[in-house]
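These notes are about the structure you will find just below.
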Amino acid sequence: MSEQELTTTPILHITERALWDAARERGSYEWSTRGRTLQEEGFIHCSTRAQLPRVAAFLYGSYDGPDELVVLVVDPGKLGVPLKYEAPEPGGEEFPHVYGAIPVGAVVDVEVWTA
774 MSEQELTTTP ILHITERALW DAARERGSYE WSTRGRTLQE EGFIHCSTRA
824 QLPRVAAFLY GSYDGPDELV VLVVDPGKLG VPLKYEAPEP GGEEFPHVYG
874 AIPVGAVVDV EVWTA
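Okay, so the sequence shown: first residue is 774 according to our numbering, each after it adds one.
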């Protein structure tokens, strides 16, 4: 991915509606992944559009929670914190990781997840 694509191609984060609603009240989103905060993990796990179905199945395949799942569509140019594409293991597929809280203003759309 080119440098321009890294700053203009939206990244995605799947979460529970209640967590997003709470973030909107605070002004920033600070959950890294299902059950882990940014503070615990050190970054927020995100994905590309192509990676999202696999990530959602891995994290929420057996989800039976009270909230609907939503996908936060994030504009990397509005983050104001570092974004790095990293692989979980050497030579593996790279995923976008946000090193800081996601400002509510960087979320340009919220989609209901229906897998």
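Idealized CB from N, CA, C, for every residue including glycine.
Please read all numbers here as calculations on a predicted model, not as lab measurements.
Proximity to residue i [Cα-Cα], best of the options
i      : options                : result
Asp837 : Glu867, Glu789, Leu785 : Glu789
Gly815 : Val854, Gly850, Gly834 : Val854
Pro783 : Val877, Gly850, Thr806 : Gly850
Ala874 : Ile787, Gln812, Leu785 : Gln812
Span of the alpha helix (DSSP H) around residue i
i      : result
Trp793 : 790-799
Leu832 : 825-833
Leu852 : Run containing Leu852: none; DSSP gives neither H nor E here.
Rounded straight-line distance, which links the Cα of residue j to that of residue i
i      : j      : result
Glu867 : Glu798 : 31 Å
Tyr858 : Val843 : 22 Å
Leu785 : Pro863 : 23 Å
Expected contact under 8 Å - CB spacing of residue i and residue j to nearest Å
i      : j      : result
Ser801 : Pro876 : 5 Å
Start and end residues, beta strand (DSSP E) containing residue i
i      : result
Glu884 : 880-885
Val877 : Per DSSP, Val877 belongs to no beta strand (DSSP E) and is neither H nor E.
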